[in-house]
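2 protein chains.
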Amino acid sequence: MKIHTLTIVGVGLIGGSIGLAAGRRGLAQRIVGVGRQQSSLDQALSVGAIDEASLDLSAAVARADVVVFCTPVDRIADQVLAAAPHCQPGTLLTDAGSTKSAIVTALEARLAKHVHFVGSHPLAGSEKRGPEFADADLFQSRLTVVTPTPRTESSVVERTTAFWRALGSRVKVMTPDDHDRALAVTSHLPHVTAAALAAILPPALHELAATGMRDTTRIAAGDPGLWTGILLQNRTAILDAIAKLQERLAEFTRLLAANDRSAIDALLARAKRTRDALGS
Amino acid sequence: MKIHTLTIVGVGLIGGSIGLAAGRRGLAQRIVGVGRQQSSLDQALSVGAIDEASLDLSAAVARADVVVFCTPVDRIADQVLAAAPHCQPGTLLTDAGSTKSAIVTALEARLAKHVHFVGSHPLAGSEKRGPEFADADLFQSRLTVVTPTPRTESSVVERTTAFWRALGSRVKVMTPDDHDRALAVTSHLPHVTAAALAAILPPALHELAATGMRDTTRIAAGDPGLWTGILLQNRTAILDAIAKLQERLAEFTRLLAANDRSAIDALLARAKRTRDALGS
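As you go down the protein sequences, you meet chains A and B in turn. Count along the first sequence from 1, add 1186, and you get the number used in our numbering. Count along the second sequence from 1, add 1186, and you get the number used in our numbering.
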């Protein structure tokens, strides 16, 4: 895959990392970053994540072959709709949002026909924000989910897959709904859980929190605004996932109340096998 | 503090790290490790965590000035009772167990008068096991809780505090009950939560688990047998802690069902402030 102009809308950790990875791997001849604040754009320029910066979405997408939206999930659909009329025919639009159904549904029937959109979600990132944490290897050996619908042309899926592979990622194709139900369990529920744990820790106990509490709550340091958007866009699936976790916690409660050593040991052993299978 | 013979009962990650730290810092002239399996003792010898190894608890404590029990919490009290009659008068006995009330209560009235026991809990460790993961700096700048009772002589608390400080740790004195109620929230609840999260993750979703799920479930890789013992010894306080977490998860459920953006944002912001305060 060779791109003349890659436009990245939103140059934070993810957008900045896409720019760095595309630059290092020679994927694009020109990388344009779009933002709402000059300070973020300046930072992205200074770390070498983008070649040019623009505060003007319309102008920045006009010459792009590929546009990637790396903004908060609740802004992506509106930005894609705003950008599309200014794009050249055949431009590929995709995103990096952590939810897919709401975004894809909002765009499916409303997007101008001369451009192509398919949703993407690179499973990479951290609780950190901003282009200063951008990493050219962020996508290396990670998985990106690409979420076409029955209306998506297969050539569009192929170009999008080639794009993420060129950045070092593996790619898995799923429907938007399957993505959202899976990520509710593998990503959104851990965030809710980490936040719930952190929220019950009173200041007097901070000094008694060691590695276990720190690891378990690490992602609760993520940006609240970003995560509120994610949780609301996928709330049905997340409500199911929270219910599943509550059932398992209720099982711990029952077994502890009953002093049932062998059943607790079996439940912890099962959890350990799963965690060991995930790797470090 | 200068120790002639330090005996460490249980030479895993914690016991091995105590041996390494004591050796490097010149705290003890002779470090004896006691275990039930020659293979662990050989490993502890090979990493330099102990100078001598013994399968015989009675013989190994007979010449000790200080004995530290680093075995699973449900074995500590019995081992202390078994060791005490073989100790010289004035020997200091302490432990490194993650629970304190059950151990201290089991020993309080039954221990031979010529020895001194006070409970300790160094807040250090990881999901790993065995002397091959021992680290001379494991206690550096970490906190160790020392848990005297009204019967404990102040000189015993002072010697125990000096011991952990000599290994690089800070020391906080708490009652066994206060320790257990605090650690139920800061350590035991995170373990239960990590295990509950891991337990609901089906194999088909493993590939979709990224950094967030990995961090949040990391401690679920801990040894099930060790943790079953900890959870059962502190089950009353842990049941309270699980109930608190369940309330917070129920709050997320209510707010998501009500689509209450500002309240979700406020809850996530509060969790972030707490997590930020814990540091990395």
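By construction, the Cβ of each residue, glycine as well, lies at the ideal position given by its N, Cα and C atoms.
Shortest Cα-Cα distance from I1204/A to any of A1310/A, A1248/A, A1295/A, A1245/A involves A1310/A.
By the Cβ test, the region 1377-1389 of chain B is in contact with the region 1404-1422 of chain B, since at least three Cβ pairs between them sit closer than 8 Å.
Neighbourhood of I1428/A in chain B, by CB distance below 9 Å: L1435, A1436, F1438, T1439, L1442, in chain order. Residues of chain B whose Cβ lies closer than 7 Å to the Cβ of W1413/A are, in chain order, L1454. For G1201/B, none of the residues of chain A pass the 9 Å Cβ criterion, the least Cβ distance being about 18 Å. Around the beta carbon of D1462/A, a 10 Å sphere encloses fewer than 16 other beta carbons of the protein chains shown; the residue is thus reported as exposed. Within chain B, the residues L1329, K1358 have their CB atoms less than 8 Å from the CB of E1393/A, given in chain order. DSSP lists L1279/A as the bridge partner or partners of F1303/A. By the criterion of a C-beta distance shorter than 6 Å, R1345/B is surrounded in its chain by L1278, once the five residues flanking it on both sides are discounted. Taking 8 Å as the cut-off, the Cβ atoms of L1199/A and R1222/A do not count as close.
With a threshold of 8 Å between beta carbons, T1372/A makes contact with chain B. In the pairwise beta carbon analysis, the region 1206-1214 of chain A is classified as not touching the region 1260-1273 of chain A: fewer than three pairs are separated by under 8 Å. A straight line joining the alpha-carbon of L1442/A with that of P1376/B spans about 15 Å.
Membership of G1212/A in any beta strand (DSSP E) is not indicated, and neither H nor E is assigned to it by DSSP. Residue environment for D1366/A: buried (at least 16 other C-beta atoms within 10 angstroms of its C-beta).
Using a Cβ-Cβ distance cut-off of 8 Å, the region 1279-1288 of chain B and the region 1243-1260 of chain B are in contact, since at least three pairs of beta carbons, one from each stretch, lie closer than that value. Below the 7 Å Cβ cutoff, chain B contributes D1451, L1454, A1455, K1458 as neighbours of P1410/A, in chain order. The beta carbon of T1338/B lies closer than 7 Å to those of V1304 in the same chain, with the five residues before and after it left out. I1386/B carries a coil assignment under DSSP once its states are collapsed to helix, strand and coil.
Taking a 10 Å sphere around the C-beta of P1389/B, we find fewer than 16 other C-beta atoms and assign the residue as exposed.
Taking the C-beta atoms as reference points, H1300/B is found nearer than 8 Å to P1275/B. Considering only A1444/A, S1466/A, E1437/A, the residue with the shortest C-alpha distance to L1454/A is E1437/A.
S1312/B reaches chain A at T1397, counting residues in chain order whose Cβ is nearer than 7 Å. For T1191/B against D1251/B, the beta-carbon gap comes to about 6 Å, under 8 Å, which counts as contact.
In this structure K1188/A is exposed. Its beta-carbon is surrounded by fewer than 16 other beta-carbon atoms within 10 angstroms.
With respect to chain B, the C-beta atom of T1379/A has a partner C-beta closer than 8 Å.
Looking at the DSSP output, T1285/B shares a beta bridge with no other residue. As for any beta strand (DSSP E) of minimum length 3 sitting wholly inside the region 1316-1347 of chain B, the runs are 1329-1333, ordered along the chain.
The C-alpha of K1430/B lies about 17 Å from the C-alpha of A1406/A. Beyond the five residues adjoining it in sequence on each side, V1357/B comes within less than 7 Å, by CB distance, of T1330, V1332, T1347, W1350, R1351 in the same chain, given in chain order.
Contact note: P1362/B does not reach chain A at a C-beta cutoff of 8 Å; the least C-beta distance is about 14 Å. Distance from the CA atom of G1196/B to the CA atom of E1313/B, rounded to whole angstroms, is 17 Å. P1410/B carries a helical assignment under DSSP once its states are collapsed to helix, strand and coil. Non-local C-beta neighbours of L1417/A in its own chain, meaning closer than 8 Å and more than five positions away in sequence, comprise H1374, H1377, V1378, I1424, ordered along the chain. M1360/B and A1295/B have their C-alpha atoms spaced approximately 20 Å apart. Cβ-Cβ distances below 6 Å link V1247/A to T1193, V1253, A1269, H1272, C1273 in the same chain, with the five nearest sequence neighbours on each side left out; the list follows chain order.
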